[in-house]
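Enquirer: As you go down the protein sequences, you meet chains A and B in turn. Under UniProt numbering, the letters of the first sequence match residues 1 to 435, in that order. Under UniProt numbering, the letters of the second sequence match residues 1 to 435, in that order. The structure's right below; bear with me while I get my questions together.
Number of protein chains: 2
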Amino acid sequence: MQQEVFLMKETVNIGLIGFGTIGSGVVATLNQNLPLLENKVNKKVNLKRIVDLDITTDRGVEVQPGVLSTSVDDILEDEEIDIVIELVGGYQPALSFILKAMENGKHVVTANKALLAKHWDEIITSAQENNVRVSFEASVGGGIPLLAPVNDGLAANNIETIYGIINGTANYILTKMAAEGLDFDTVLKEAQEMGYAEADPTFDIEGHDTAQKLIILSILGFGVYVEQEKFHVEGITRITPDDIQFARDELGSVVKLLAIAKIEDSELEIRVHPTLVPETHLLASVNDVFNAVYLEGDVVGPVLMYGAGAGMMPTASAVVADCLDIMQDMEKPVAYGPRETRVEKVKDISDVQSKYYLRITALDQPGVLHSISGVLSDLDISIESVSQKKAAEGEAVPIFMVTHQALEKNVQEAIKLIDQMEFVKADTNLIRLLE
Amino acid sequence: MQQEVFLMKETVNIGLIGFGTIGSGVVATLNQNLPLLENKVNKKVNLKRIVDLDITTDRGVEVQPGVLSTSVDDILEDEEIDIVIELVGGYQPALSFILKAMENGKHVVTANKALLAKHWDEIITSAQENNVRVSFEASVGGGIPLLAPVNDGLAANNIETIYGIINGTANYILTKMAAEGLDFDTVLKEAQEMGYAEADPTFDIEGHDTAQKLIILSILGFGVYVEQEKFHVEGITRITPDDIQFARDELGSVVKLLAIAKIEDSELEIRVHPTLVPETHLLASVNDVFNAVYLEGDVVGPVLMYGAGAGMMPTASAVVADCLDIMQDMEKPVAYGPRETRVEKVKDISDVQSKYYLRITALDQPGVLHSISGVLSDLDISIESVSQKKAAEGEAVPIFMVTHQALEKNVQEAIKLIDQMEFVKADTNLIRLLE
């Protein structure tokens with residue numbers, strides 16, 4: 001062992017662009033576990049440069065003198081830097097930074113799901129053309145080892161189904177609403193105060209973040225890239241305590257914002273929406289800000305991976321692991337997902353079959369149920385159960401319905417017709433059931 | 001795309017030793033998903049040879065003519081074979097096969113946990129000396145991508161805790177006992193009839209299989225190899241319906257056979273025993289033959305991976321994935337676990353602290369509780385709760401106790417003293433609580 005001290009170990013130089021929360025987590029991880037990491041890869045690991053527009057704010061992590069810079073060229077044009085970590089976020093200038101780094105022969109690690117979901121082909125093609133690696137484990141599911149297992153660990157499988165709880169903010173809100181019987185707005189405000197939701201939470205609560213991550217999962221699982229505009233994305237803002245209570249008491253289910261992608265007869269279903277998950281399903285136990293992805297492969301059957309889907313340190317864990325993976329093999333060709341996809345068609349949401357929970361808000365008067373069930377029947381939607389809260393005559397009350405398997409377009413048409421009825425006093429809410 | 005047809009792709013030749021259940025699963029997987037696999041690695045994948053003593057029994061999978069052989073040298077001495085899959089099981093001749101294959105420059109994939117747990121150093125050293133890879137994802141957790149995530153995906157972390165449900169037979173028995181209130185022997189018999197337990201189930205129900213897998217997990221997580229004889233391994237044969245019912249009704253917990261390894265102040269706790277897991281913990285929802293490993297890293301926090309821990313196809317999924325991983329990088333140096341361990345000492349079970357559930361079978365007569373509590377008090381064991389079923393005077397009834405944190409050696413001493421008391425009519429059963 002003593003001899004090793006005198007051997008020159010190869011040094012790998014890292015450049016970090018973006019010294020925000022995750023960037024600080026990366027620095028903290030390197031500071032904390034450097035001996036472990038260097039032993040793991042049997043190389044010297046050197047964080048040579050950190051670039052950010054703001055290099056004066058104290059991030060609470062120790063940085064070696066001379067490492068901070070405001071000029072991105074100090075990384076992109078430094079020939080000694082082997083790996084560039086992009087944590088700027090957003091589309092530009094992040095994309096330019098990544099492409100330039102690759103052109104200059106540098107491997108890239110990024111957590112930028114928005115960028116990957118939009119510019120996938122450009123980024124992967126550039127990596128291949130420049131013979132560099134690009135890794136992005138942190139982009140989906142934060143610290144959970146997730147993309148490598150899907151891409152490599154399950155490589156013997158045709159992936160058939162992916163269900164993901166992959167947005168911590170939405171999951172936190174739904175968990176809190178269920179635990180405390182509070183309404184959406186109250187819990188959102190609380191989440192914002194606790195730092196679990198952004199000042200502008202749209203991206204998380206409307207499902208866009210989930211959708212971007214699902215795009216990446218679909219590439220890895222099915223070898224197909226689907227633009228976000230091409231599939232149904234629905235957030236959690238219309239979920240009420242009534243929905244959650246009915247789901248629990250009558251259906252033994254919880255409401256989760258699910259990313260869903262599954263293949264059937266060469267057709268891919270891909271969608272993001274609140275979903276009723278039976279309490280017996282493992283995904284129902286994924287609470288608070290935690291994430292999990294449940295998937296089924298044709299050889300392995302069901303697999304689930306769970307952990308912290310966001311946050312400074314968990315995300316840094318994945319970013320640093322990507323760096324180590326690259327250090328262990330800088331020559332590995334970039335290949336994500338099956339090279340040939342089985343997907344021949346992406347199914348429109350209107351052609352999806354599901355069971356549906358409907359909450360119709362109607363006056364409690366004779367004939368209401370008769371009219372509603374007539375509409376449903378005309379559209380081939382058969383009712384599995386119906387229950388209605390009692391109320392004073394003439395007062396609007398929720399009617400809870402669960403349908404058998406029905407066609408989405410028929411259900412949408414039914415809701416349109418039902419919501420036009422004069423005794424219906426609020427928009428009907430729909431939640432799809434898992435399976 | 002058409003051009004590719006005319007390009008010569010590199011062929012990778014595989015030799016499979018052992019055409020049993022898992023071997024048949026490997027052949028079935030290759031038959032079923034060959035185009036997917038070949039596209040993934042961009043090479044031609046050829047199962048060149050299958051060796052088994054029995055090459056006449058129909059395994060229900062298609063085999064190309066000329067592939068079957070009874071001579072292992074047809075694999076070990078065939079220069080064209082790149083990867084040897086060892087599915088013979090047991091110690092010998094499996095070890096000789098693996099070492100010979102490596103000597104002859106062949107990469108090795110194995111599912112042989114018994115062999116790895118016993119001959120770890122020899123196998124890894126041989127791989128390193130011969131510059132070949134050895135992969136064994138299937139050896140722990142069957143089809144779950146588990147070892148690669150621990151070894152690579154969480155490489156930025158010091159692993160702090162590992163809790164595993166990694167024996168499907170034991171988990172199936174405990175799940176069934178809980179669901180149906182049946183006793184151990186009845187469920188074991190049922191499990192044997194369904195093929196979930198071997199004719200001689202000792203290995204699974206006494207915890208040995210779990211222990212071997214835990215040895216492998218400890219190497220990957222903590223960089224330390226602990227012989228099975230050096231740690232406490234306890235099976236599930238003493239668990240009764242009374243234990244399970246009390247755990248559920250009074251403690252909100254379920255009984256699981258856990259593999260536990262955790263580090264505290266450079267001391268490693270490593271042990272296998274039935275454990276009371278709170279229903280709110282994800283591991284409590286891992287039922288039937290499924291496996292899961294829950295671990296905590298110092299950067300990422302908690303992570304859980306779940307799936308089918310055994311069985312023909314799930315295990316084959318991992319074996320084939322290992323082959324693909326090797327095909328993508330045959331030069332990757334063999335390195336498992338941290339190169340330098342933080343473990344300075346393996347803690348003896350007698351020094352472990354835990355909360356304990358005790359089931360004492362005693363006559364229902366005055367003074368019993370007083371005597372028992374006296375023993376516990378003398379040994380610094382403080383009681384959190386106690387409850388006793390009412391019975392006719394003079395009849396033996398179970399007394400259920402839960403202790404606060406106590407030292408294992410004190411609890412063992414207390415049980416010895418209690419079981420010597422004349423009013424105690426059966427051996428006291430102990431189950432440790434999680435955390």
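Ideal Cβ placement from N, Cα and C applies to all residues, glycine included. Note that the structure is predicted; figures quoted are calculated from it, not measured.
If you measure beta-carbon to beta-carbon, which residues of the stretch 246-258 of chain B are closer than 7 angstroms to chain A?
Expert: Going along the stretch 246-258 of chain B in chain order, one finds no residue with a Cβ nearer than 7 angstroms to chain A.
Enquirer: Rounded to the nearest angstrom, what separates L87/B and V63/B at their Cα positions?
Expert: Taking the straight line joining both Cα atoms gives about 17 angstroms.
Enquirer: Kindly indicate if chain B contains any beta-carbon less than 7 angstroms away from that of Q420/A.
Expert: Not closer than 7 angstroms to any Cβ of chain B, the Cβ of Q420/A fails to qualify, so no.
Enquirer: For L257/B, which three-state DSSP category applies?
Expert: If DSSP states are grouped into helix, strand and coil, L257/B belongs with the strands.
Enquirer: In whole angstroms, what is the alpha-carbon distance linking S317/B and E267/A?
Expert: One C-alpha to the other measures close to 24 angstroms.
Enquirer: In chain A, which residues lie less than 7 angstroms from E340/B when you measure between Cβ atoms?
Expert: By Cβ distance, chain A contributes N39.
Enquirer: Since Q388/B is in the beta strand (DSSP E), which residue starts that stretch and which ends it?
Expert: Unbroken beta strand (DSSP E) run through Q388/B: 383-388.
Enquirer: Within 7 angstroms (strictly less), CB to CB, does D54/B reach chain A?
Expert: Output row for D54/B: interface = no.
Enquirer: D152/B to D325/A, Cα distance in whole Å?
Expert: Taking the straight line joining both Cα atoms gives about 7 angstroms.
Enquirer: Distance, Cα to Cα, Q92/B vs A247/A?
Expert: Straight-line Cα distance between these residues: approximately 56 angstroms.
Enquirer: Check for me: the beta strand (DSSP E) holding H273/A runs from which residue to which?
Expert: Note, H273/A: beta strand (DSSP E), 267-278.
Enquirer: Under 7 angstroms between C-beta atoms, does K43/A make it to chain B?
Expert: Judged by the 7 angstroms Cβ criterion, K43/A is not in contact with chain B.
Enquirer: Taking only the alpha-carbon atoms, compute the straight-line gap between I360/A and A211/A and give it to the nearest angstrom.
Expert: So the two alpha carbons sit approximately 28 angstroms from each other.
Enquirer: Any contact between the stretch 47-61 of chain A and the stretch 18-34 of chain A? By contact I mean 3 or more CB pairs, one from each, below 8 angstroms.
Expert: Verdict: yes, contact present.
Enquirer: Distance cutoff 7 angstroms, beta carbons only. Does Y306/A sit that close to anything in chain B?
Expert: Taking Cβ atoms only, chain B reaches closer than 7 angstroms to Y306/A, which makes this a yes.
Enquirer: Give me the residue from A178/B, D209/B, A259/B, V277/B with the minimum Cα distance to Y356/B.
Expert: Of the candidates A178/B, D209/B, A259/B, V277/B, the one whose C-alpha sits nearest the C-alpha of Y356/B is V277/B.
Enquirer: Where does L87/A sit, in a helix, a strand or coil, going by DSSP?
Expert: L87/A falls in the coil class under three-state DSSP.
Enquirer: With a threshold of 16 other CB atoms inside 10 Å of the CB of Q3/A, please say whether the residue is buried or exposed.
Expert: With a pLDDT of only 46 at Q3/A, under the threshold of 50, the placement of this residue in the model should not be trusted, and no figure is reported.
Enquirer: My output table needs one value for E250/B: the three-state DSSP class, helix, strand or coil.
Expert: DSSP places E250/B in helix when its eight states are reduced to three.
Enquirer: Anything in chain B within Cβ reach of S317/A, meaning under 8 angstroms, just list it in chain order.
Expert: Those within 8 angstroms of S317/A in chain B are L154, A156, N157, G297, V299, V300.
Enquirer: Can you look up residue 436/B in the DSSP assignment and give me helix, strand or coil?
Expert: Missing from the structure shown is residue 436/B; chain B here goes from 1 to 435 and no further.
Enquirer: In its own chain, which residues sit with a C-beta less than 8 angstroms from the C-beta of V226/B, not counting the 5 before and 5 after it?
Expert: Closer than 8 angstroms at Cβ, skipping near neighbours: I215, S218, L268, I270, V346.
Enquirer: In chain order, what are the residue ranges of uninterrupted beta strand (DSSP E) at least 3 long that sit wholly in the stretch 386-414 of chain A?
Expert: If we require 3 residues or more, the beta strand (DSSP E) runs fully inside the stretch 386-414 of chain A come out as 396-403.
Enquirer: Could you please give the first and the last residue of the uninterrupted alpha helix (DSSP H) stretch that includes V27/A?
Expert: Taken as a continuous stretch (DSSP letters only), the alpha helix (DSSP H) holding V27/A covers 21-41.
Enquirer: So G310/B contacts chain A; which residues on that side make the cut at Cβ distance below 8 angstroms?
Expert: Note on residue identity: the sequence assigns Ala, not Gly, to residue 310/B. Result: empty, since nearest Cβ-Cβ is about 11 angstroms, beyond 8 angstroms.
Enquirer: To the nearest angstrom, how far is it from the Cα of V334/A to the Cα of M327/A?
Expert: Each residue's alpha carbon lies about 14 angstroms from the other.
Enquirer: Determine, using beta carbons only, whether T175/A comes closer than 7 angstroms to chain B.
Expert: Taking Cβ atoms only, chain B never reaches closer than 7 angstroms to T175/A, which makes this a no.
Enquirer: Is the number of C-beta pairs between the stretch 133-150 of chain B and the stretch 285-293 of chain B that are closer than 8 angstroms three or more?
Expert: Because the criterion of three Cβ pairs below 8 angstroms is met, the stretch 133-150 of chain B and the stretch 285-293 of chain B touch.
Enquirer: Hey, could you find the ends of the alpha helix (DSSP H) Y357/B is sitting in?
Expert: First-last for Y357/B: 356-363, but that is the beta strand (DSSP E), not the alpha helix (DSSP H).
Enquirer: Between which two residues does the beta strand (DSSP E) containing A155/A stretch?
Expert: A155/A -> no beta strand (DSSP E), and no H or E assigned at all.
Enquirer: Can you check whether the CB of L116/A is closer than 7 angstroms to the CB of S135/A?
Expert: Not a contact, by the Cβ cut-off of 7 angstroms.
Enquirer: Between the stretch 13-23 of chain A and the stretch 306-320 of chain A, do at least 3 Cβ pairs fall closer than 8 angstroms?
Expert: A contact exists between the stretch 13-23 of chain A and the stretch 306-320 of chain A.
Enquirer: Check whether the stretch 404-412 of chain A touches the stretch 248-257 of chain A, taking contact to mean three or more Cβ pairs, one atom from each stretch, closer than 8 angstroms.
Expert: In short, these stretches do not touch, since the Cβ pair count stays below three.
Enquirer: Mind checking whether P149/B and P149/A have CB atoms under 7 angstroms apart?
Expert: Yes, these two residues count as a Cβ contact at 7 angstroms.
Enquirer: With K118/B as the anchor, note down where its alpha helix (DSSP H) starts and where it stops.
Expert: Where K118/B is concerned, the enclosing alpha helix (DSSP H) stretches over 113-129.
Enquirer: Pick helix, strand or coil for K425/B, following the three-state DSSP scheme.
Expert: Reduced to three states, the DSSP call for K425/B is strand.
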